[in-house]
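What follows is one structure encoded as structure tokens, with my remarks underneath.
Residue numbers (our numbering), protein chains in the order written: chain X, 104 to 1088; chain E, 8 to 288.
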């Protein structure tokens, strides 16, 4: 087709769109401009004028266009402009200067978006339910949902119920029974309760400025966290932010610190790794360097025994649901409480296990939710001491010769040295059941009984919340020792043998692992190739322009206050591609880089999620941090420590797309195997943004436009729905359904594979000495010592009882032989802690997801197991034992103060026999920070119990947290606060 | 006979996930359903409440949970105190408190023996769980408590009363506060987990000077000379005999093993379950 005809056709299409779609006519009325399409040498072209909604056009070159889009030659122009558009062609043209644009960046973004809108304006989403109700779909951290909307308002949120058009469900036959999951999704509390957060009194309704902040004058930094805020216009707010960006960039590279939480709202484009990733790369920011903070012990410890680096040191889980139901006789849940945080997909499978008569054992200082539901034997070791319990199990197996000798001989190395340690040959101390009793409080006879039953019965070890890692005892000073012991227990019983493996039925459903849909950690639209899994699939399958930050410094998340206040902070990388990646030390400052001048805080609240968080107040009130902008949906504990607050909107107020629990290649590879069905949902824009809020994507676009990077950021005018379509096209979904159908219905259930093509049972190949046959792309080819696919990622290719990779780093907390070293806080070992006699557990929250769903008007606040309302305020629940309560005159629902030298927090007591005396348990996250007096130096009424936890690393050469055995004291809250923060001891 | 709604609640399956509680809040906070229910107030109402019962002591501890809501009684005490026809019993068994006519009638709250009616301070009306009648009338096949429950605690059945009685007998269902004779339409399975007591213990045996858990010991519980319960110790030497009525008085517990170990003691069941601790042969 000829260039001139295509351009003429474009104008006709524009005119047609304005006639058919009133919405499009409105759009065209927004701006008056002249846009020029042309060849670079001005040899041909056509101009289009928008004036008061009217479209005029002329052949040739306009004298004074507002913007021009020019092509290198006719062939390129024709290819670029002829539908259907090929994304790779367009990206290639943009990257290689085959196409260019000139004029105002903001107008270019508007004009190109307007052209794109011609396609999207007619798209229909949602199902008409009658009576003016439309059923949309969405995705949340708690699962995919149906969203019922009437008159522009959300009226209800429900789990999805599948219909006959949706793919069938799988069936597992085990011991004469057939098990098929229910034809619906299940939902975690924080997903189900989201409506209450959309219409919450804590929503930020407009851009805000701290009342005593003057960007050109007195900033009153010392008042951060204390002063009130006043609403300002978007223009004023964005102008201030851009002014500070310019001021910071003038100081040098890296002066802008981009600080995010670990979790954002669900969705491939709204996620912080996506739009915000693109934004921070284009801006050039010092990024926050995360830590593997729910996998600590696995990542820093267990990985060295068996590799599995790309799964953060946790074992394979494929096929384990089927294997467990068919073969297993006993399940040991060790620090394993899957019935929380991530919903209830696995719960039905555990009910099947119970129905099949599989015995269950729970090891946890707290009689956790899963244990309460499932029943079975409960062991409550003293927090932090689990590794001693595990070593004594080894002792029984060695002395009674009930370990898997063949596996140990053929597939492992270092056993003799390990055996000598366990028997006490090397250090004179046998790690016997009697030895552990003094440490753990578990009777020796119980350990012997468990060890014997374990070796007698085919046993699944569910280690950590997911059964294959995550949370629990892996987070703490003893986290690495514990996780290493879990790996060792597995090896001694020959993990991979039928019925003997890792898992608690939470992971490993028989789904289709070959069907591609991008996970959120694949970077979405970020264009970032090195710090996300983008390069593996997404970058090829959804061609887009690569982006790259020019800043080479990063601030380890745990030491952000130190970076600002002391000007230095270093940590070790969470590089999952190989084992030695974690030995790399990086941090702040980097040579030639600027010090931080401004912080761009993106969602979440450190006050209730980070350790020793009173440090944050000191940081925020320091002149060393001249400017803080916080982009957030709600007022949370940290929000008011900003100078400018930008109101973002929820997932219901903009378009996005995502698959339930699909993280993507790397990190938690195939995490969706937690679900009974793979469900990809369109995250419809269900309602208009509340108040003046905007989507994260759109806020960032506004800033980019002010820096003439709008076209770059939006890749030539893409809006959120355009990106959704691009993700759809990039995925295997486009081979099975149409965009039109998907967009309208809002979800797609990926059919399960046939029984004969299911993923093989994890670790079976290793047990049987075959090449790796599980569907995961690691170890990377270079990490095999021998032939590709043979053996583990360890240097020997075998399971290493003595972890030789730990010889490469001199970390006294992680010797190659995993000897028992009680490094938790102990009043006997640490005399200065003698007054603090209670151990604090801070497990993952059950009902909220970290701080998502906590407070902010969320109905979860009315769950009395989470918060208790006293005099109009909701206090976080702390679980305490009957004896500790009696000793202090505490009853359930009483307000109690938990404190040590780092912090002081008021909670509501739940007195129970579910914890042993000496143990207090309170969830690890609080959205609210409510100091009784001076911020940072008084008792918190909001529930930020992490204030009590140390910010130190678990072991020296890691970047890790160590909560869960922190020593505290407790008393009835008098209402009078005299607590003072002491210097860290 | 006409078909009526009933709800069966299985206590043993309740995970305290709170989805029924949250789904009910989601349905009613901010939503007006004229003729069915006015919007629920934002805080403090638990139309579907979860009761907690913990039994035993370490290491034999249970934490059990039970959803409690309007029982849609056929002989509803609330209807007896309601004035001006504020409460109606629908042909399908569902009890509806009219949000208009019930204004100011706090007696309706006090009349409910289950504590399932809540007083809306702002609107000055009594409110309770309406079995999602508005949704069922619109074609839904089950209430949201059932839809949102991940562990199949709930079974809503629209059947005739004779059929329900048959299921009640067959599955051994109970109702709350049967002595109130309110004829609830909400039935409970495994209610003993909330209401009854157990007696438990850990049996230990000396094997060549080493303490071991005593597996397979026979445990018999007798009252007034006749056997009322029996158990065998597991690999950890633990036993539990359940479904003993609170305040049911004294029992004799006898433990014996093949290896000749014998133990007996008197136990008294008051209000709580018992863990007898370590029992050594």
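Backbone N, C-alpha and C fix where the C-beta goes; we use that ideal spot for every residue, glycine too.
Residue of E:9, E:19, E:67, E:14 minimising C-alpha distance to residue 454 of chain X: For the purposes of this step, residue 454 of chain X is taken as residue 351 along the first chain, with counting starting at 1. Of E:9, E:19, E:67, E:14, the residue nearest in Cα terms is E:19.
Among X:504, X:275, X:584, X:458, the one whose alpha carbon lies nearest that of residue 1058 of chain X: Stepping through the first chain from its first residue, residue 1058 of chain X is reached at position 955. Comparing Cα-Cα distances from residue 1058 of chain X to each of X:504, X:275, X:584, X:458, the minimum goes to X:584.
Secondary structure of residue 21 of chain E, DSSP reduced to three states: Sequence index remark: in the second chain, residue 21 of chain E carries index 14 (1-based). Coil at residue 21 of chain E, not helix or strand.
Rounded straight-line distance, which links the Cα of residue 666 of chain X to that of residue 1056 of chain X: Taking the first chain and counting its residues from 1, the one referred to as residue 1056 of chain X is at position 953. Taking the first chain and counting its residues from 1, the one referred to as residue 666 of chain X is at position 563. If I take the Cα positions, the gap works out to 15 Å.
Closer than 8 Å to chain E by CB, residue 447 of chain X: As a first step, residue 447 of chain X is located in the first chain; it is residue number 344 there, counting from the start. True, the Cβ-Cβ gap to chain E drops below 8 Å.
Assigned exposure category for residue 785 of chain X - 16 Cβ within 10 Å defines buried: Taking the first chain and counting its residues from 1, the one referred to as residue 785 of chain X is at position 682. Looking at its Cβ environment, which holds 16 or more other Cβ atoms inside 10 Å, residue 785 of chain X is buried.
Closest residue to residue 240 of chain X among X:339, X:757, X:630 (Cα-Cα distance): Translated into positions along the first chain, residue 240 of chain X becomes position 137. Taking only the C-alpha atoms, the option nearest residue 240 of chain X is X:757.
Sub-8 Å separation of residue 936 of chain X and residue 1070 of chain X beta-carbons: In the first chain, residue 936 of chain X corresponds to position 833, counting from 1. In the first chain, residue 1070 of chain X corresponds to position 967, counting from 1. Closer than 8 Å, so yes.
Interface residues of chain A facing residue 552 of chain X [CB-CB closer than 8 Å]: The displayed structure is made up of protein chains X and E, and chain A is not among them.
Three-state secondary structure (DSSP) of residue 47 of chain E: In the second chain, residue 47 of chain E corresponds to position 40, counting from 1. Looking at residue 47 of chain E - three-state DSSP - the assignment turns out to be strand.
Close beta carbons around residue 141 of chain E, own chain, < 6 Å, minus the five adjacent residues each side: Here residue 141 of chain E refers to the residue found at position 134 of the second chain. Same-chain partners within the cutoff: 40, 43.
As assigned by DSSP and simplified to three states, the class of residue 356 of chain X: Numbered from 1 along the first chain, position 253 holds the residue referred to as residue 356 of chain X. DSSP places residue 356 of chain X in coil when its eight states are reduced to three.
Nearest residue (CA-CA) to residue 1073 of chain X, options X:1082, X:1065, X:1066: Position 970 of the first chain holds residue 1073 of chain X. Closest option to residue 1073 of chain X, Cα to Cα, is X:1082.
Assigned secondary structure, residue 687 of chain X (DSSP; H/G/I helix, E/B strand, else coil): As a position in the first chain, residue 687 of chain X is number 584, starting the count at 1. Coil.
Cutoff 8 Å: residue 772 of chain X Cβ touching any chain E Cβ: The residue labelled residue 772 of chain X in the question sits at position 669 within the first chain. No, residue 772 of chain X does not count as interfacial toward chain E.
For residue 274 of chain E, the three-state DSSP class (helix, strand or coil): In the second chain, residue 274 of chain E corresponds to position 267, counting from 1. Correct three-state label for residue 274 of chain E: strand.
Cα-Cα separation between residue 298 of chain X and residue 46 of chain E, rounded to whole angstroms: Here residue 298 of chain X is taken as the residue at index 195 of the first chain, counted from 1. Here residue 46 of chain E is taken as the residue at index 39 of the second chain, counted from 1. The alpha-carbon atoms of residue 298 of chain X and residue 46 of chain E are separated by roughly 14 Å.
Residue interval of the beta strand (DSSP E) (run including residue 481 of chain X): Counted from its first residue, the first chain places residue 481 of chain X at position 378. 480 to 482 is the extent of the beta strand (DSSP E) around residue 481 of chain X.
Closer than 8 Å to chain X by CB, residue 287 of chain E: Sequence index remark: in the second chain, residue 287 of chain E carries index 280 (1-based). No, residue 287 of chain E lies away from the interface with chain X (no Cβ there is under 8 Å from its Cβ).
8 Å Cβ cutoff met for residue 146 of chain X and residue 152 of chain X: To locate residue 146 of chain X, count along the first chain from 1; it is residue 43. To locate residue 152 of chain X, count along the first chain from 1; it is residue 49. Not a contact, by the Cβ cut-off of 8 Å.
Residue 118 of chain X to residue 158 of chain X span [Cα, whole Å]: The residue labelled residue 118 of chain X in the question sits at position 15 within the first chain. The residue labelled residue 158 of chain X in the question sits at position 55 within the first chain. Cα to Cα, residue 118 of chain X sits roughly 7 Å from residue 158 of chain X.
Nearest-angstrom Cβ-Cβ length linking residue 1092 of chain X and residue 781 of chain X, presumed shorter than 8 Å: The structure shown does not extend to residue 1092 of chain X, since chain X is modelled only from 104 through 1088, so no value can be given for it.
is_contact[residue 1088 of chain X, chain E] using C-beta, thresh 8 Å: Position 985 of the first chain, counting from 1, holds the residue named residue 1088 of chain X. Reliability of the predicted coordinates at residue 1088 of chain X is poor, the pLDDT of 43 falling under 50, and no value is obtained from them.
Min CB distance residue 289 of chain X to chain E below 8 Å: Taking the first residue of the first chain as position 1, residue 289 of chain X is located at position 186. Chain E, which has a Cβ nearer than 8 Å to the Cβ of residue 289 of chain X, makes this yes.
Contact list for residue 155 of chain E against chain X, beta-carbon separation under 8 Å: In the second chain, the residue the question calls residue 155 of chain E occupies position 148. Result: 261, 262, 290, 295.
Segments assigned beta strand (DSSP E), at least 3 residues, entirely inside the region 611 to 688 of chain X: 657 to 659, 672 to 675
Three-way DSSP call (helix, strand, coil) for residue 185 of chain E in this model: Residue mapping note: residue 185 of chain E aligns to position 178 of the second chain, counting from 1. Here residue 185 of chain E sits in helix by DSSP.
6 Å CB neighbourhood of residue 219 of chain E in its chain, flanking five on each side removed: Here residue 219 of chain E refers to the residue found at position 212 when the second chain is read from its first residue. Correct list, in chain order: 212.
Burial state of residue 254 of chain E (16 or more Cβ within 10 Å): On the second chain, residue 254 of chain E is found 247 positions in, with the first residue counted as 1. Its Cβ having fewer than 16 others within 10 Å, residue 254 of chain E is exposed.
Identity of the residues DSSP links to residue 779 of chain X by a beta bridge: Indexing the first chain from 1 puts residue 779 of chain X at position 676. The secondary-structure analysis by DSSP pairs residue 779 of chain X with nothing; it has no beta-bridge partner.
Secondary structure of residue 362 of chain X, DSSP reduced to three states: Position 259 of the first chain, counted from the start, is the residue given in the question as residue 362 of chain X. If DSSP states are grouped into helix, strand and coil, residue 362 of chain X belongs with the strands.
Of the residues X:166, X:392, X:411, X:237, the one placed nearest residue 681 of chain X, counting alpha carbons only: For this step, residue 681 of chain X is matched to residue 578 along the first chain. Taking only the C-alpha atoms, the option nearest residue 681 of chain X is X:411.
Cα-Cα separation, residue 278 of chain X to residue 602 of chain X: Locating residue 278 of chain X in the first chain gives position 175, where the first residue counts as 1. Locating residue 602 of chain X in the first chain gives position 499, where the first residue counts as 1. Whole-angstrom Cα-Cα distance: 13 Å.
Coarse secondary structure for residue 280 of chain E, derived from DSSP in three states: Along the second chain, read from residue 1 onward, the residue named residue 280 of chain E stands at position 273. Residue 280 of chain E falls in the coil class under three-state DSSP.
Per-residue contacts from residue 158 of chain E into chain X (C-beta, under 8 Å): The residue you call residue 158 of chain E lines up with position 151 of the second chain. Ordered by position in chain X, the residues that pass the 8 Å Cβ test against residue 158 of chain E are 447, 450, 451, 454, 476.
Between the CA atoms of residue 408 of chain X and residue 401 of chain X - distance to the nearest angstrom: Mapped onto the first chain, residue 401 of chain X falls at position 298. Mapped onto the first chain, residue 408 of chain X falls at position 305. Cα to Cα, residue 401 of chain X sits roughly 10 Å from residue 408 of chain X.
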